[in-house]
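Taken in order, these protein sequences are the chains called A, B and C. The first sequence begins at 1 in this note's numbering and counts up by one. The second sequence begins at 49 in this note's numbering and counts up by one. The third sequence begins at 277 in this note's numbering and counts up by one. Report on the following structure.
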Amino acid sequence: MQIVYLIIVALVLVLVVVNMFKKKDNLFFQIDAALVMITLLLRLLLIK
Amino acid sequence: MKKVLAMLLAAAMLLAMAACGRQDTTSPTGQADPNAATQATLDPNGTAPAFDMQTSETNRIVNIGTVDKSLYAAPMLVTSFGQSTDAATIDTALKKVGATYTYSPQAAAELVPQFKTLIICVGASTKGLGQAGINEKDEVARAEAIMAKAKETGAQIIFVHIGGETRRGALSDQLADLVLPQCSCMIVKEDANWDYKFTKYAEEHKLPLTLIFGQKDTVQVMTDLFGK
Amino acid sequence: MKKIPRHILTASLLCVFVAVMVVVLGISFRSMKEAEPIYPGPGVTGQEMLSKYCPNLKGTAGDTEIYILDSGVPGASMLVLGGTHPNEPSGFISAISLIETVKPVSGILYVIPRANASAFTCNDPQEGSPQRFTIQTAGGERWFRFGSRATNPIDQWPDSEVYVHASSGQTLSGSEIRNLNRAYPGREDGTLTERVAYGITQFIKQHNVTITVDLHEASPEYTTVNAIVAHEDAMDLATLSLWELEDVMKISVEASPKNLHGLTHRELGDYTDTLALLMETANASQGRLHGTVSAEMVVSGQDKFYYRAGQYGALTVDYPETGIGMSERCARHISALNEFCKSYDGPAGTIDLGEMPSYKEIITNGIGAYLASPK
Numbered sequence: 001m002q003i004v005y006l007i008i009v010a011l012v013l014v015l016v017v018v019n020m021f022k023k024k025d026n027l028f029f030q031i032d033a034a035l036v037m038i039t040l041l042l043r044l045l046l047i048k
Numbered sequence: 049m050k051k052v053l054a055m056l057l058a059a060a061m062l063l064a065m066a067a068c069g070r071q072d073t074t075s076p077t078g079q080a081d082p083n084a085a086t087q088a089t090l091d092p093n094g095t096a097p098a099f100d101m102q103t104s105e106t107n108r109i110v111n112i113g114t115v116d117k118s119l120y121a122a123p124m125l126v127t128s129f130g131q132s133t134d135a136a137t138i139d140t141a142l143k144k145v146g147a148t149y150t151y152s153p154q155a156a157a158e159l160v161p162q163f164k165t166l167i168i169c170v171g172a173s174t175k176g177l178g179q180a181g182i183n184e185k186d187e188v189a190r191a192e193a194i195m196a197k198a199k200e201t202g203a204q205i206i207f208v209h210i211g212g213e214t215r216r217g218a219l220s221d222q223l224a225d226l227v228l229p230q231c232s233c234m235i236v237k238e239d240a241n242w243d244y245k246f247t248k249y250a251e252e253h254k255l256p257l258t259l260i261f262g263q264k265d266t267v268q269v270m271t272d273l274f275g276k
Numbered sequence: 277m278k279k280i281p282r283h284i285l286t287a288s289l290l291c292v293f294v295a296v297m298v299v300v301l302g303i304s305f306r307s308m309k310e311a312e313p314i315y316p317g318p319g320v321t322g323q324e325m326l327s328k329y330c331p332n333l334k335g336t337a338g339d340t341e342i343y344i345l346d347s348g349v350p351g352a353s354m355l356v357l358g359g360t361h362p363n364e365p366s367g368f369i370s371a372i373s374l375i376e377t378v379k380p381v382s383g384i385l386y387v388i389p390r391a392n393a394s395a396f397t398c399n400d401p402q403e404g405s406p407q408r409f410t411i412q413t414a415g416g417e418r419w420f421r422f423g424s425r426a427t428n429p430i431d432q433w434p435d436s437e438v439y440v441h442a443s444s445g446q447t448l449s450g451s452e453i454r455n456l457n458r459a460y461p462g463r464e465d466g467t468l469t470e471r472v473a474y475g476i477t478q479f480i481k482q483h484n485v486t487i488t489v490d491l492h493e494a495s496p497e498y499t500t501v502n503a504i505v506a507h508e509d510a511m512d513l514a515t516l517s518l519w520e521l522e523d524v525m526k527i528s529v530e531a532s533p534k535n536l537h538g539l540t541h542r543e544l545g546d547y548t549d550t551l552a553l554l555m556e557t558a559n560a561s562q563g564r565l566h567g568t569v570s571a572e573m574v575v576s577g578q579d580k581f582y583y584r585a586g587q588y589g590a591l592t593v594d595y596p597e598t599g600i601g602m603s604e605r606c607a608r609h610i611s612a613l614n615e616f617c618k619s620y621d622g623p624a625g626t627i628d629l630g631e632m633p634s635y636k637e638i639i640t641n642g643i644g645a646y647l648a649s650p651k
């Protein structure tokens, strides 16, 4: 079951990264995305 | 527009957190705790006279008046009005004394005719009521029914209030007032007597009153009453 | 040379920032896996791992040490559980004090200081809790972790939406699936938390433990605080002990609710022959009324907002301006444990913990005086 949720986290992470690189002229959006990436990565790496 | 909405949501969250911190005496069962009342709330203007305890660590039991032990014959029932653990304390004390009795904290009125003596431990506990699956209204109704049946049968009643100051909330006092008019002796942990309610009642109605300092003193009191 | 679009540049820089933050935060979060040292004292005669009683725990974050203090004189036994909720530190510290200083004279004392070992490796989110606190001992300062109420979610994830207690069918919020004190009697093949509960239950059954005491804390506004919660089989023992304790502290006895499942005082009493008890002391770092929870506040128990709440009559305990410190809370636990041993007079024989400090001594000297010096 955990592997399913980790895959979901990985997918969301990918989507966040892709959107962050696509978004033009919106620094705050990119900062928000970066903050979200931190928590997703910490969970994906099973740190927090 | 988005910024205004975000601010309103943040404000709502802040208010919700502040609301959690307000003075609230609601117990985990969702009912108001009848024992939230203390001396401060029962006597908000401080009109009760300054309280001097007669008992102390070195003088743990004070007897006012003489108990006629011959009144209290078997069979005996120990029950609780309010479902605090004080009835369990009396159960433990009586076991130590080796007395013969029936312990039934939620005894129904129908049982009363089987007993000549009722030891009624008064003290309301939201937790106890919740655990027993009884609400306040039903507990008062049960108490009233037991007192009515006891009056019919002429059972002798010993009033026990050993939960101390914390068992002087509205419900505890309501239950105590049901028992006092029919009891023939009183046993009270003295810090519950902070407004002299029990000493005044005992004096007015010429009832023997035993004041105790701590719950463990119930062993000596029960030994004096029922010891072999 | 083609100019890099600005948004790509900022995104790339932010990715570097993310990587740095993951490393920095990762080091911080991972540091909580380091266990604080415990120095077994002269009374400790053996040590086991909980996985001996639940092999499915071996190699997991839930496996934890059991300290055995066997007097060598036959008698009753007592199991003390500290750290069921690692954000309630006085139980954990009291358990460590027993391991490091007590030498029983009769019977056997078992101590599991970190009942939920996984919960020590993280904090509860959004609480701003410290990761560690320190206590001064005679030989220097010692550090201890301040953990979470529940099993680390990286050890047991995801939570179900609704937690169905296996043996009773009781339903609770899904987050309670990681609360050890809702998992008893546990399941051998259950979640990590259920396996820990199962191991402890099996330990009690196999060793026929006479008395089991689970040490906890609660917020000063909670209704069950400064209390002993007793299974009905243990009510006599709790009452007899209360009679001795009430001369030195305000304490009450509460009956274990029959309709709330998964807790030590309910399930261990129902599923084993042990006399199941649980103790609560007042902890200002819990609850909803406190200000900043610092490492100092965890130990001092001093919080100006709780003091104000006490003035308003919102608390169920007396809360002085100086707070309710760790020494006082540990004094309650240790005095009560000693009293349970003294008051027990059942068929299992006697259990005597030997020379024990009094409630007043622990408060006067500080709990640090009853912990080993750091090595």
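Where is the CB? At the ideal position from N, CA and C, for every residue including glycine.
Identify every residue that forms a DSSP beta bridge with residue 204 of chain B.
-> If you number the second sequence from 1, residue 204 of chain B lands on position 156. Partner(s): B:165.
8 Å Cβ cut-off: residues of chain B touching residue 652 of chain C = Nothing about residue 652 of chain C can be reported from this structure: the residues present for chain C run from 277 to 651 only.
Backbone secondary structure at residue 111 of chain B - three-state DSSP = Within the second sequence, residue 111 of chain B is the residue found at index 63, counting from 1. Look at residue 111 of chain B here: in three-state DSSP terms it is strand.
Look up residue 421 of chain C in the DSSP assignment and say whether it is helix, strand or coil.
-> Here the question's residue 421 of chain C lines up with position 145 in the third sequence. In the structure shown, residue 421 of chain C sits in a strand (DSSP, three-state: E or B).
Any heavy atom of the ligand GTP within a distance shorter than 8 Å of the CB on residue 191 of chain B?
-> Among the components of this structure there are no ligands whatsoever, and the ligand GTP is therefore not found.
Using alpha carbons as the reference points, say which of B:234, B:110, B:120 and B:106 lies closest to residue 204 of chain B.
-> For the purposes of this step, residue 204 of chain B is identified with residue 156 of the second sequence, where counting begins at 1. Residue B:120 is the option with its Cα nearest to residue 204 of chain B.
For chain D, is any of its Cβ atoms less than 9 Å away from the one on residue 113 of chain B?
-> No chain D is part of this structure, whose protein chains are labelled A, B and C.
Specify the secondary structure class of residue 231 of chain B as computed by DSSP and reduced to three states.
-> Along the second sequence, read from residue 1 onward, the residue named residue 231 of chain B stands at position 183. DSSP places residue 231 of chain B in the coil class of the three-state scheme, outside both helix and strand.
Using a Cβ cut-off of 9 Å, which residues of the region 10 to 33 of chain A contact any Cβ in chain C, in chain order?
-> Listed by position, the residues of the region 10 to 33 of chain A near chain C (Cβ gap below 9 Å) are 17, 20, 21, 22, 23, 24, 25, 26, 27, 30, 31 and 33.
Residue 463 of chain C in three-state terms, based on DSSP | As a first step, residue 463 of chain C must be located in the third sequence, where it is residue number 187. Coil, per DSSP.
Compute the Euclidean distance between the alpha carbons of residue 193 of chain B and residue 432 of chain C, then round it to the nearest angstrom.
-> Taking the second sequence and counting its residues from 1, the one referred to as residue 193 of chain B is at position 145. Taking the third sequence and counting its residues from 1, the one referred to as residue 432 of chain C is at position 156. C-alpha separation (whole angstroms): 53 Å.
Check whether the Cβ atoms of residue 487 of chain C and residue 617 of chain C lie closer than 9 Å to each other.
-> As a working mapping, residue 487 of chain C is identified with position 211 in the third sequence. As a working mapping, residue 617 of chain C is identified with position 341 in the third sequence. In this structure, the beta-carbon distance from residue 487 of chain C to residue 617 of chain C falls below 9 Å.
Helix, strand or coil at residue 632 of chain C according to DSSP, with G and I counted as helix = As a first step, residue 632 of chain C is located in the third sequence; it is residue number 356 there, counting from the start. Of the three classes helix, strand and coil, the one that applies to residue 632 of chain C here is coil, per DSSP.
Going straight from the alpha carbon of residue 318 of chain C to that of residue 626 of chain C, what length do you get?
-> What you label residue 318 of chain C is simply residue 42 of the third sequence in a count that begins at 1. What you label residue 626 of chain C is simply residue 350 of the third sequence in a count that begins at 1. A straight line joining the alpha-carbon of residue 318 of chain C with that of residue 626 of chain C spans about 20 Å.
Burial state of residue 68 of chain B, where buried means 16 or more other Cβ atoms lie within 10 Å | Residue numbering aside, residue 68 of chain B sits at position 20 when the second sequence is read from its first letter. Confidence is the limiting factor: at residue 68 of chain B the pLDDT is only 37, short of 50, which leaves the residue's position unreliable and the question unanswerable from this model.
Taking just the CA atoms, how far does residue 339 of chain C sit from residue 644 of chain C?
-> Indexing the third sequence from 1 puts residue 644 of chain C at position 368. Indexing the third sequence from 1 puts residue 339 of chain C at position 63. Straight-line Cα distance between these residues: approximately 27 Å.
In this structure, does DSSP put residue 354 of chain C in helix, strand or coil?
-> Position 78 of the third sequence, counting from 1, holds the residue named residue 354 of chain C. For residue 354 of chain C, the secondary structure class from DSSP, reduced to helix, strand or coil, is strand.
Quick one: residues in its chain with C-beta nearer than 6 Å to the C-beta of residue 261 of chain B, no 5 flanking neighbours on either side, listed in chain order?
-> Position 213 of the second sequence, counting from 1, holds the residue named residue 261 of chain B. Same-chain partners within the cutoff: 103 and 108.
At a Cβ threshold of 9 Å, is residue 7 of chain A touching chain C?
-> For the purposes of this step, residue 7 of chain A is identified with residue 7 of the first sequence, where counting begins at 1. So, not an interface residue.
Please confirm if residue 214 of chain B has its CB atom under 9 Å from at least one CB of chain C.
-> If you number the second sequence from 1, residue 214 of chain B lands on position 166. Chain C has a Cβ within less than 9 Å of the Cβ of residue 214 of chain B.
Over the uninterrupted beta strand (DSSP E) stretch that includes residue 555 of chain C, give me the two end residues.
-> Stepping through the third sequence from its first residue, residue 555 of chain C is reached at position 279. Its beta strand (DSSP E) spans residues 551 to 558.
3-residue-minimum beta strand (DSSP E) runs that sit fully inside the region 568 to 629 of chain C, ordered along the chain | Fully contained in the region 568 to 629 of chain C is no beta strand (DSSP E) run of length 3 or more.
Closest Cβ-Cβ distance between residue 305 of chain C and chain A: below 9 Å?
-> The residue labelled residue 305 of chain C in the question sits at position 29 within the third sequence. Yes, contact with chain A.
Assign residue 341 of chain C to one of three DSSP states: helix, strand, or coil.
-> The residue you call residue 341 of chain C lines up with position 65 of the third sequence. The three-state secondary structure of residue 341 of chain C, taken from DSSP, is strand.
Under a Cβ-count criterion, where at least 16 other Cβ atoms within 10 Å of its own Cβ denotes burial, should residue 89 of chain B be classed as buried or exposed?
-> Here residue 89 of chain B refers to the residue found at position 41 of the second sequence. Unreliable positioning characterises residue 89 of chain B in this predicted model, as indicated by a pLDDT of 49, which lies under 50. The coordinate reading is nonetheless provided below. Residue 89 of chain B is exposed by the Cβ-count criterion.
Determine the closest residue to residue 445 of chain C out of C:429, C:435, C:347 and C:462, with distance taken between C-alpha atoms.
-> In the third sequence, residue 445 of chain C corresponds to position 169, counting from 1. Looking at the Cα atoms, C:462 is the closest of the given residues.
Who pairs with residue 237 of chain B in a beta bridge, going by DSSP?
-> The sequence position of residue 237 of chain B within the second sequence is 189, counting from 1. Note: residue 237 of chain B sits in a beta bridge opposite B:260.
Burial state of residue 65 of chain B, where buried means 16 or more other Cβ atoms lie within 10 Å | Position 17 of the second sequence, counting from 1, holds the residue named residue 65 of chain B. At residue 65 of chain B the pLDDT is 44, less than 50, meaning the model places this residue with poor confidence; the figure from the coordinates comes in the next sentence. Residue 65 of chain B should be labelled exposed.
Amino acids of chain B, ordered along the chain, whose beta-carbon sits closer than 9 Å to that of residue 647 of chain C | Here residue 647 of chain C refers to the residue found at position 371 when the third sequence is read from its first residue. Taking a Cβ-Cβ cut-off of 9 Å, residue 647 of chain C has no neighbours in chain B, whose nearest Cβ is about 31 Å from it.
From residue 146 of chain B to residue 272 of chain B, what does the alpha carbon distance come to, in whole angstroms?
-> On the second sequence, residue 146 of chain B is found 98 positions in, with the first residue counted as 1. On the second sequence, residue 272 of chain B is found 224 positions in, with the first residue counted as 1. Those two C-alpha atoms are separated by around 12 Å.
If you drop the 5 nearest sequence neighbours on each side, which residues of the same chain put their C-beta closer than 8 Å to that of residue 105 of chain B?
-> Along the second sequence, one-based indexing puts residue 105 of chain B at 57. Hits under 8 Å: 261.
From residue 334 of chain C to residue 24 of chain A, what distance separates their C-alpha atoms?
-> Position 58 of the third sequence holds residue 334 of chain C. Position 24 of the first sequence holds residue 24 of chain A. The straight-line gap from Cα to Cα measures roughly 51 Å.
Roughly how far, in whole angstroms, is the beta-carbon of residue 395 of chain C from the beta-carbon of residue 362 of chain C, given that I think they are within contact range, below 8 Å?
-> Stepping through the third sequence from its first residue, residue 395 of chain C is reached at position 119. Stepping through the third sequence from its first residue, residue 362 of chain C is reached at position 86. Yes, residue 395 of chain C and residue 362 of chain C are in contact; Cβ-Cβ is about 5 Å, under 8 Å.
Residue 403 of chain C by DSSP, collapsed to three states: which one?
-> Indexing the third sequence from 1 puts residue 403 of chain C at position 127. In the structure shown, residue 403 of chain C sits in coil (DSSP, three-state: anything other than H, G, I, E or B).
Cβ neighbour criterion (16 or more within 10 Å) applied to residue 254 of chain B = Stepping through the second sequence from its first residue, residue 254 of chain B is reached at position 206. Answer is exposed; the Cβ neighbour count stays below 16.
Terminal residues of the beta strand (DSSP E) in which residue 491 of chain C lies = As a first step, residue 491 of chain C is located in the third sequence; it is residue number 215 there, counting from the start. Where residue 491 of chain C is concerned, the enclosing beta strand (DSSP E) stretches over 487 to 494.
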